[in-house]
Amino acid sequence: MLMSILMVVAATMRLWSLVGAQPLCRARKVRTGKVFNGGHQVQGDVLYFPSTMTCLIKHPCEKTTALYLGRQVFFTRDNFESSLLPLTIPTPMMVGQPEVTSAHFAGSRLLLVVSQKVYMYDYNADLWNTSEGIQHPVSHISGDNCCFAGNTFCLEISNSVFAYLHGEQISQANIYVSNNGGFSFQKFTYERQATLVGSLGGIFFLHSLSQVGLLVVNNRKGMFAYSDHPLTRSLGLAFDYNETLQALIPPGQRGLLILWSQNSLLSSLSAGQIVDTIQVQKGGQTLHPSIFGANVTVHNIAVYENGLAVLTREDHLYYGRLGIPSGSSSIIKIELMYGAFKGKMYTLDMNSQLEVTAIMIPRPGASLIPQVMVSNPYSLGLKTSIYEFDNTYAGNVLYRLDIRLKQQHHWGWFDPNFTSSIKRPTLSTLTVDVANKEISCMDLQPLTALISIGCDQEKKIIVQNKISACSSGVLDPRVLQDNYTYVIEKGSYNRGPGEEAATEDLLVSYPFKDLGCPGLVYYETPWKPVIELWQGEEFKALVEAEFVLREVHGLSTFSYALTAEAAGCSSQPQNWSSVLLSAHEAGQATWSRENYVSCHSPSSNNPLRWPDVQYQILGGRTDNRIIFKQWNGIYIFHLSVLDPYYSYCHLETTFSIYVYGAYPLSLFAPGVTIVLLVASMLLAVWLAHMIPRLLCTAGGHKIREAYRGLCRRCSSLCHCCRGLRC
Numbered sequence: 045m046l047m048s049i050l051m052v053v054a055a056t057m058r059l060w061s062l063v064g065a066q067p068l069c070r071a072r073k074v075r076t077g078k079v080f081n082g083g084h085q086v087q088g089d090v091l092y093f094p095s096t097m098t099c100l101i102k103h104p105c106e107k108t109t110a111l112y113l114g115r116q117v118f119f120t121r122d123n124f125e126s127s128l129l130p131l132t133i134p135t136p137m138m139v140g141q142p143e144v145t146s147a148h149f150a151g152s153r154l155l156l157v158v159s160q161k162v163y164m165y166d167y168n169a170d171l172w173n174t175s176e177g178i179q180h181p182v183s184h185i186s187g188d189n190c191c192f193a194g195n196t197f198c199l200e201i202s203n204s205v206f207a208y209l210h211g212e213q214i215s216q217a218n219i220y221v222s223n224n225g226g227f228s229f230q231k232f233t234y235e236r237q238a239t240l241v242g243s244l245g246g247i248f249f250l251h252s253l254s255q256v257g258l259l260v261v262n263n264r265k266g267m268f269a270y271s272d273h274p275l276t277r278s279l280g281l282a283f284d285y286n287e288t289l290q291a292l293i294p295p296g297q298r299g300l301l302i303l304w305s306q307n308s309l310l311s312s313l314s315a316g317q318i319v320d321t322i323q324v325q326k327g328g329q330t331l332h333p334s335i336f337g338a339n340v341t342v343h344n345i346a347v348y349e350n351g352l353a354v355l356t357r358e359d360h361l362y363y364g365r366l367g368i369p370s371g372s373s374s375i376i377k378i379e380l381m382y383g384a385f386k387g388k389m390y391t392l393d394m395n396s397q398l399e400v401t402a403i404m405i406p407r408p409g410a411s412l413i414p415q416v417m418v419s420n421p422y423s424l425g426l427k428t429s430i431y432e433f434d435n436t437y438a439g440n441v442l443y444r445l446d447i448r449l450k451q452q453h454h455w456g457w458f459d460p461n462f463t464s465s466i467k468r469p470t471l472s473t474l475t476v477d478v479a480n481k482e483i484s485c486m487d488l489q490p491l492t493a494l495i496s497i498g499c500d501q502e503k504k505i506i507v508q509n510k511i512s513a514c515s516s517g518v519l520d521p522r523v524l525q526d527n528y529t530y531v532i533e534k535g536s537y538n539r540g541p542g543e544e545a546a547t548e549d550l551l552v553s554y555p556f557k558d559l560g561c562p563g564l565v566y567y568e569t570p571w572k573p574v575i576e577l578w579q580g581e582e583f584k585a586l587v588e589a590e591f592v593l594r595e596v597h598g599l600s601t602f603s604y605a606l607t608a609e610a611a612g613c614s615s616q617p618q619n620w621s622s623v624l625l626s627a628h629e630a631g632q633a634t635w636s637r638e639n640y641v642s643c644h645s646p647s648s649n650n651p652l653r654w655p656d657v658q659y660q661i662l663g664g665r666t667d668n669r670i671i672f673k674q675w676n677g678i679y680i681f682h683l684s685v686l687d688p689y690y691s692y693c694h695l696e697t698t699f700s701i702y703v704y705g706a707y708p709l710s711l712f713a714p715g716v717t718i719v720l721l722v723a724s725m726l727l728a729v730w731l732a733h734m735i736p737r738l739l740c741t742a743g744g745h746k747i748r749e750a751y752r753g754l755c756r757r758c759s760s761l762c763h764c765c766r767g768l769r770c
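Read in order, the letters of the sequence shown correspond to residues 45 to 770 in the numbering used here.
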């Protein structure tokens, strides 16, 4: 009965404050599915919940999936509409009593803390596993779920889980985190953990603020500490913490947080920055400043996106709306609020803007007071405008609310110390509501949308190839498609810094299916690729951001036009050698926006010691270009955008070019060739002058006679040969 009531209430009640209490005076019998016979035996160890209170945990995305914790534990996939056997864990997995102290849904898996260890139940495959990596006792797990299927950022939210021991001293607490839905955990260290005084009341992913929050309990006061700028500078406001509080994060990433115990009920609209006691109201009057003053004992609570239900041991039911507080007690006769963005998830990449619209009809005679909020104002800013848009047939005014959203950094309104780091992807929830909403049979739900401030997965880059080697007749596409291979001489490529020089030629197979026909580049022309930014099938802009190239096979027959000094570097620039040498694993280094450090900012730790070194970064503020050496052939380049302020995406691509026009290298150095040529010319002039003079001397006469004799002998030999042929 309790479970049925909680599920029904969680789906229907919509008042913020706890407004009214109704006695539970009715009982209803529900027919379930098949009934098990008395001889049916369960397999494994039967799980149980040691608390005097029962607990119902509903999956926020799979609406008919839930877990009931009581003297026995029951798991359902159909909202308890069929009979169930108690949930059991395979006996070989257990050590100690099968006591459940915490449970959490992580995507399609159920995580349970049983006897201070974490176990994972994949209910789709009906498989149990023990989570790996946890070396200390834990009592609780916490996490959140995002219900937008197919979104990578949303999947990361559902897969992020904490495990910890409740009540442990924070400075020495062993906290574990999992990024794969509970399969494995690793130690998590909060940056200021050693300086915090008090016990650990919980640790939570507060995705609405893109923060990790630690609940610090000290001297009967609780407050939240946060993991990232700008909230790391201070703790949240303190609130009374007189007994152990359970924490609930309602679904939707709206920044809502519910803390409760048998005698306390608190809430936060700001992910713990401000925690208020929930009052008991009736109409427009406050009956009690807290649930404690109502002389009731909380037995259980249930929450969903916009509502809260509280069941007490005195058989009373309180219900409330998770939104803007109600004010007056008038009844709503007509009104409407609609927005196409409701329930959707949007991605806002760096330097992008999002515009959404809501349509509103206020009730007759009432002033419209819309409220537009973002859960993470440190990251996401907004501008709004409202105006009369149209009229209904009944004569009511339609108002249009336009909302423009972009990163707080780009509005330029706030001090930089207020905003969060622009390099870090964040999350925020947009909520549009109406102030002073009342109870009515047509209750207006707030319009909410999830805004992922991060990589837009539809973005991609393409290197322009307007003049290809095939269209110019330099290469034959039919030959390239027929498993074309080419040779890179051993002196033309290297294996990377610290590697031995190549001792043999490299045979390369050209991937025509992936790269198509190479672009055409003349070797004497300083060259830089032209990069296009596309969103899906739509061209957006040419990329002017900084980027790097790396020849896939190690070809080194090119250089860069600029040196570090010519590029205007104030500190020593990065290059491929330094990036590869700093890699944790050989061959696994990437040079991307994550590890890029600009040389245009002075650095005392990395001064400009070698100004003549080649500057290997293209684009951005410099006009650096590639200079090809005297080598004709195919280059396959991997291109990666470095600028951390251009996009949150790892914009990268692979393309090919064919360099032509280089003459074969001479056998001699150019200086030697010039010397030999000049010497030959001088010798020819000298001989032209000296030979006529020598022929007039006695020695010259002998040379002429010897030459005539040689000619006569050759002539006789030729006559003899002709006679033999005849």
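Ideal Cβ placement from N, Cα and C applies to all residues, glycine included.
Spatially closest choice to residue i from the options, by CA coordinates
i    : options                   : result
D477 : P406, P460 and T529       : P406
N286 : L310, L301, Q297 and P541 : L310
T547 : F556, P541, S536 and K557 : S536
L290 : K427, T391, S183 and F232 : Note that residue 290 is Gln in the sequence shown, not Leu. It is S183.
V261 : R448, L240 and H103       : L240
L412 : F206, S516 and V441       : V441
Q255 : D434, R468, V400 and I403 : R468
W620 : T634, S614 and A611       : T634
S152 : N203, R752 and P541       : N203
G226 : F681, G211 and Y163       : Y163
G425 : D434, F433 and T463       : T463
C191 : L275, A238, T356 and E106 : E106
N263 : G580, G257, S278 and T288 : T288
Alpha carbon of residue i to alpha carbon of residue j, nearest angstrom
i    : j    : result
Y659 : Y640 : 14 Å
V416 : S423 : 16 Å
T135 : Q141 : 11 Å
E5   : A315 : There is no way to answer for residue 5, as the model of the chain reaches only from 45 to 770.
S127 : Y363 : 29 Å
Y112 : D166 : 17 Å
T341 : W578 : 59 Å
S626 : N344 : 54 Å
L449 : T436 : 29 Å
L776 : G705 : Since the first and last residues shown for the chain are 45 and 770, residue 776 lies out of range.
E235 : V523 : 59 Å
I447 : K427 : 6 Å
V324 : M137 : 46 Å
R752 : M725 : 29 Å
D284 : D170 : 43 Å
R637 : F591 : 9 Å
L550 : F197 : 41 Å
S186 : N339 : 30 Å
H796 : L155 : Residue 796 lies beyond the residue range present for the chain, which begins at 45 and ends at 770; the question has no answer from this structure.
Cβ neighbours of residue i in the same chain (closer than 7 Å, five flanking residues each side left out)
i    : result
A589 : G663, G664, V685, D687 and Y690
P414 : M404, I430, L445, V476 and V478
A605 : P570, N668, R669 and I671
Y679 : E595, L599, S700, I701 and V703
8 Å CB neighbourhood of residue i in its chain, flanking five on each side removed
i    : result
R756 : none
A12  : Because the chain in this structure spans residues 45 to 770, residue 12 falls outside the shown range and cannot be described.
A282 : K265, G266 and M267
Residue i burial status per 10 Å Cβ neighbour count (16 or more: buried)
i    : result
S370 : Caution applies to S370, whose pLDDT of 41 falls short of 50 and renders its modelled position unreliable; the value that the coordinates give is listed next. With 16 or more Cβ atoms within 10 Å of its Cβ, S370 is classed as buried.
D188 : buried
C758 : exposed
H454 : exposed
H694 : exposed
K150 : In the sequence as displayed, the identity of residue 150 is Ala instead of Lys. It is buried - the Cβ of A150 has at least 16 other Cβ atoms within 10 Å.
P617 : buried
Close-in-space but distant-in-sequence residues of the same chain around residue i (CB under 6 Å, 5 per side omitted)
i    : result
D500 : T391 and D393
field: Three or more C-beta pairs below 8 Å linking the segment 523-539 and the segment 718-731
entry: no
message: Measuring CB atoms only, is the segment 269-288 touching the segment 235-251, in the sense that at least three cross pairs come out at less than 8 Å?
response: yes
query: Within the chosen definition, does the segment 642-651 reach the segment 592-601 through at least 3 CB pairs nearer than 8 Å?
result: no
field: contact_flag[the segment 384-395, the segment 489-504] where n(CB pairs < 8 Å) is 3 or more
entry: yes
field: the segment 333-348 in contact with the segment 292-299 per 3-pair CB rule at 8 Å
entry: yes
- prompt: So, do the segment 88-95 and the segment 103-121 have three or more beta carbon pairs nearer to each other than 8 Å?
  reply: yes
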